[in-house]
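Asker: Mind the numbering: the sequence shown is residues 1 to 428 in UniProt numbering, read in order.
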Amino acid sequence: MLDIKFLRENPEVVKQNIRNKFQDQKLELVDQVIALDKENREIKQEVEALRAKKNKISKQIGALMAQGKRDEAEQIKKEIAADGARTDELSAREKEVEEEIRKIMMVIPNIIDPSVPIGKDDSENVELERFGEPVVPDFEIPYHTDIMESFDGIDLDSAREVAGNGFYYLMGDIARLHSGILSYARDFMIDRGFTYCVPPFMIHGNVVNGVMSFAEMESMMYKIEGEDLYLIGTSEHSMIGKFIDSIIPEEKLPLTLTSYSPCFRKEKGAHGIEERGVYRIHQFEKQEMVVLCKPEDSMMWYDKLWKNTVDLFRSLDIPVRTLECCSGDLADLKVKSVDVEAWSPRQKKYFEVGSCSNLGDAQARRLKIRVNGEKGKYLAHTLNNTVVAPPRMLIAFLENNLNADGTVNIPEPLRMYMGGKEKLIPKK
């Protein structure tokens with residue numbers, strides 16, 4: 001959410017930003033906010049003038065009564081009463097106007113960074129850099145669920161009976177690998193100085209509105225019927241919510257946190273064969289990283305965060321690339337975002353396994369997360385990034401570590417989480 005003062009003083013900048021995001025239907029909202037803001041400031045001025053007038057003439061009543069000028073005193077009382085009714089009327093309208101402004105401002109997108117490429121959708125995202133050499137082996141790579149089934153490691157049929165499509169049972173070595181990757185990611189981030197956290201897996205509606213746009217909420221979040229609670233789609237939601245309506249001493253910044261949680265998403269719409277299995281699902285687990293920092297440090301932390309993910313995947317022998325999200329692919333609160341994509345030897349292409357985002361002060365403004373610095377209070381900047389999100393990450397891991405005989409290599413960093421195993425041996 002933008003600062004109303006910034007919008008008031010830079011309406012054309014805000015409009016061009018909307019055009020850059022290909023959301024021209026929102027252009028009229030800028031003029032609506034400016035008109036409402038003007039009305040709101042005029043209301044405040046009139047209310048202030050009426051209250052000052054009341055304070056001034058109220059002092060006259062006692063003096064007039066003492067002088068026996070009762071009629072004049074009564075006339076002033078009537079004037080005060082009339083002004084009081086007008087003040088009440090204006091105050092009621094003031095609340096209405098401020099609520100209208102707030103609702104519209106929640107819809108107007110954040111100002112994107114000048115470095116963001118302009119494009120309509122994810123087809124115009126820009127590759128930045130590749131890490132590791134993509135390899136296509138001289139044997140056929142099976143579909144990821146077929147690899148898992150060779151280890152008796154997945155049961156989609158039973159999950160479909162129990163919960164429907166988009167759910168799964170992981171078992172045996174595959175379940176252990178899933179948990180091992182999460183444990184390794186946790187320790188990897190702790191070793192890089194991040195504080196480990198397990199947050200609430202449900203949050204109130206005001207926190208949802210603070211961390212994401214309404215459109216995102218509608219497409220992603222599951223609501224608990226009859227309660228003001230939503231299942232989180234990522235632990236970033238509750239991690240940022242942890243600081244709602246708080247004032248953080250500047251000397252405590254940056255706050256660097258890594259959190260584990262299950263995640264729940266609607267994932268509406270039809271998906272192709274490559275997005276079935278355990279690629280696009282309603283329930284998964286994730287290790288996340290979140291940073292709260294000074295505004296001048298946010299781009300430095302942005303680069304650090306995505307590099308952490310690249311380093312982790314490379315430590316597990318998985319080639320990756322970074323892909324910068326273009327303007328039309330950025331969610332409304334984001335200033336800048338990069339996807340980390342892993343190499344799929346089976347598909348002979350990269351696919352998304354994580355996303356790093358700088359949200360500037362948008363979430364902090366909505367949630368009133370302030371920093372108390374030497375020169376006064378200001379809004380923190382917030383960033384988040386996926387460390388790993390299995391079971392999707394399992395697809396990349398299994399494909400890139402699969403051998404021709406069906407065994408799967410376990411890279412050295414994971415072996416301590418897999419009972420010392422160097423390979424997984426298929427059961428069929």
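Backbone N, C-alpha and C define an ideal beta-carbon position, used for all residues, glycine too. It should be emphasised that the depicted structure is a prediction, and the values quoted were computed from it without experimental measurement.
Distance cutoff 7 angstroms, beta carbons only. Does K427 sit that close to anything in chain B?
Answerer: The structure shown has no chain B; it contains just one protein chain.
Asker: Would you be able to state if there are at least three C-beta pairs under 8 angstroms between the stretch 41–53 and the stretch 74–93?
Answerer: The answer is yes - the stretch 41–53 touches the stretch 74–93, with three or more Cβ pairs under 8 angstroms.
Asker: What do you reckon, are the CB atoms on P411 and D317 nearer than 7 angstroms?
Answerer: In the sequence shown, counting from the first residue as 1, residue 411 sits at position 411. In the sequence shown, counting from the first residue as 1, residue 317 sits at position 317. In this structure, D317 lies closer than 7 angstroms to P411 by Cβ.
Asker: If you follow the beta strand (DSSP E) that residue 516 is in, where does it begin and where does it stop?
Answerer: Nothing in the structure corresponds to residue 516, since the chain is present only between 1 and 428.
Asker: Would you report the Cα separation of A215 and K427, rounded to the nearest angstrom?
Answerer: As a first step, residue 215 is located in the sequence shown; it is residue number 215 there, counting from the start. As a first step, residue 427 is located in the sequence shown; it is residue number 427 there, counting from the start. Their Cα atoms are separated by approximately 45 angstroms.
Asker: What does DSSP give as the partner residue(s) for S246 in the beta ladder?
Answerer: For the purposes of this step, residue 246 is taken as residue 246 along the sequence shown, with counting starting at 1. Partner(s): I369.
Asker: On the criterion of 16 or more Cβ atoms from any shown chain inside 10 Å, does G193 qualify as buried, or is it exposed?
Answerer: Residue mapping note: residue 193 aligns to position 193 of the sequence shown, counting from 1. Flag for G193 reads exposed.
Asker: Look at the Cβ atom of L229, then the Cβ atom of M202, and state whether they are nearer than 7 angstroms.
Answerer: Here the question's residue 229 lines up with position 229 in the sequence shown. Here the question's residue 202 lines up with position 202 in the sequence shown. Yes. Within cutoff.
Asker: Give the straight-line distance between the Cα atoms of R130 and Q45, rounded to the nearest whole angstrom.
Answerer: Residue numbering aside, residue 130 sits at position 130 when the sequence shown is read from its first letter. Residue numbering aside, residue 45 sits at position 45 when the sequence shown is read from its first letter. If you take the alpha carbons of R130 and Q45, they lie about 58 angstroms apart.
Asker: May I have the straight-line CA-CA distance separating I154 from I147, to the nearest angstrom?
Answerer: The residue you call residue 154 lines up with position 154 of the sequence shown. The residue you call residue 147 lines up with position 147 of the sequence shown. When rounded, the distance between both Cα atoms is 9 angstroms.
Asker: Go ahead and pull the three-state DSSP assignment for D191.
Answerer: As a working note, residue 191 is residue 191 in the sequence shown. Note: D191 maps to helix in three-state DSSP.
Asker: Going by CA-CA distance only, name the one from L333, I118, P319 that's closest to V208.
Answerer: Here residue 208 is taken as the residue at index 208 of the sequence shown, counted from 1. It is L333 whose Cα lies nearest to the Cα of V208.
Asker: For D37, which of R93, E133, T309, I395 has the nearest alpha-carbon?
Answerer: Here residue 37 refers to the residue found at position 37 when the sequence shown is read from its first residue. When each option's Cα is compared against that of D37, the closest is R93.
Asker: How would you label T195, buried or exposed, when you count the other beta carbons within 10 angstroms and need 16 or more for buried?
Answerer: Against the sequence shown, residue 195 aligns to sequence position 195. T195 should be labelled exposed.
Asker: Let me make sure I understand the geometry here. Which of K252, E149, I181, Y168 has the alpha-carbon closest to that of G406?
Answerer: Indexing the sequence shown from 1 puts residue 406 at position 406. With distances taken between Cα atoms, G406 lies closest to E149.
Asker: What does DSSP give as the partner residues of C356 in its beta bridges?
Answerer: By 1-based counting over the sequence shown, the position of residue 356 is 356. According to DSSP, C356 bridges with V338, N385.
Asker: Give the DSSP bridge partners of S259, in chain order.
Answerer: Start at 1 with the first residue of the sequence shown, and residue 259 comes out as number 259. According to DSSP, which records beta bridges pairwise, S259 is partnered with C197, E288.
Asker: Just list the residues that DSSP pairs T322 with in beta bridges.
Answerer: The residue you call residue 322 lines up with position 322 of the sequence shown. BP columns for T322 point to E129, V340.
Asker: Beta-carbon within less than 7 angstroms of A159's beta-carbon, same chain only, minus the 5 sequence neighbours each way: which residues are those?
Answerer: Taking the first residue of the sequence shown as position 1, residue 159 is located at position 159. Cβ within range, chain order: F167, Y168, Y169.
Asker: Using the DSSP secondary-structure output, state which residues sit across from N409 in a beta bridge.
Answerer: Taking the sequence shown and counting its residues from 1, the one referred to as residue 409 is at position 409. Partner(s): K423.
Asker: Considering only residues of the same chain and omitting the five flanking positions on each side of E79, which have a CB-CB separation below 8 angstroms?
Answerer: Reading the sequence shown from its first residue, position 79 is the one you call residue 79. Closer than 8 angstroms at the Cβ level, and outside the excluded window around E79, lie I57.
Asker: May I have the straight-line CA-CA distance separating G68 from Q75, to the nearest angstrom?
Answerer: Position 68 of the sequence shown holds residue 68. Position 75 of the sequence shown holds residue 75. Near 14 angstroms, if we compare the C-alpha coordinates of Q75 and G68.
Asker: Under a three-way DSSP split, which group does I111 fall into?
Answerer: As a first step, residue 111 is located in the sequence shown; it is residue number 111 there, counting from the start. Coil.
Asker: Please confirm if the stretch 287–298 is in contact with the stretch 319–333, defined as three or more CB-CB distances below 8 angstroms between the two stretches.
Answerer: As far as the Cβ criterion goes, the stretch 287–298 does not touch the stretch 319–333, which means the pair count is below three.
Asker: Would you kindly work out how many angstroms separate the C-alpha atoms of V408 and D191, rounded to a whole number?
Answerer: Position 408 of the sequence shown holds residue 408. Position 191 of the sequence shown holds residue 191. Rounded to whole angstroms, V408 to D191 spans 27 angstroms at the Cα level.
Asker: Comparing alpha-carbon positions, which option in R314, I369, I247, N403 lies nearest A185?
Answerer: Walking along the sequence shown from the start, residue 185 turns up at place 185. Cα-wise, what sits closest to A185 is R314.
Asker: Taking its Cβ as the centre, do 16 or more other Cβ atoms sit within 10 Å of N206, making it buried, or is it exposed?
Answerer: On the sequence shown, residue 206 is found 206 positions in, with the first residue counted as 1. By the 10 Å Cβ count, N206 comes out exposed.
Asker: Just the C-alpha distance for S259 and A82, rounded to the nearest angstrom, thanks.
Answerer: In the sequence shown, counting from the first residue as 1, residue 259 sits at position 259. In the sequence shown, counting from the first residue as 1, residue 82 sits at position 82. Answer to the nearest angstrom: the Cα atoms are 58 angstroms apart.
Asker: In chain order, what residues of the same chain have a beta carbon less than 6 angstroms from the beta carbon of S357, not counting five sequence neighbours either side?
Answerer: Mapped onto the sequence shown, residue 357 falls at position 357. Contacts found: K334, S337, N384.
Asker: Which first and last residues belong to the alpha helix (DSSP H) in which L394 is found?
Answerer: Along the sequence shown, read from residue 1 onward, the residue named residue 394 stands at position 394. Per DSSP, L394 belongs to the alpha helix (DSSP H) from 392–401.
Asker: Helix, strand or coil: how does DSSP classify N10 here?
Answerer: The residue labelled residue 10 in the question sits at position 10 within the sequence shown. In this structure, N10 counts as coil in the three-state DSSP scheme.
Asker: Which residues share a DSSP beta bridge with L379?
Answerer: Counting from 1 along the sequence shown, the entry for residue 379 is found at position 379. Answer by DSSP bridge pairing, in chain order: R370.
Asker: Between the C-alpha atoms of E274 and K120, what's the straight-line distance to the nearest angstrom?
Answerer: To locate residue 274, count along the sequence shown from 1; it is residue 274. To locate residue 120, count along the sequence shown from 1; it is residue 120. Since pLDDT at E274 reaches only 49, below the 50 mark, its modelled position is unreliable, and no value is offered.
Asker: To the nearest whole angstrom, what separates the beta carbons of G328 and K26, a pair I think is in contact under 8 angstroms?
Answerer: Walking along the sequence shown from the start, residue 328 turns up at place 328. Walking along the sequence shown from the start, residue 26 turns up at place 26. Not a contact, Cβ separation roughly 13 angstroms.
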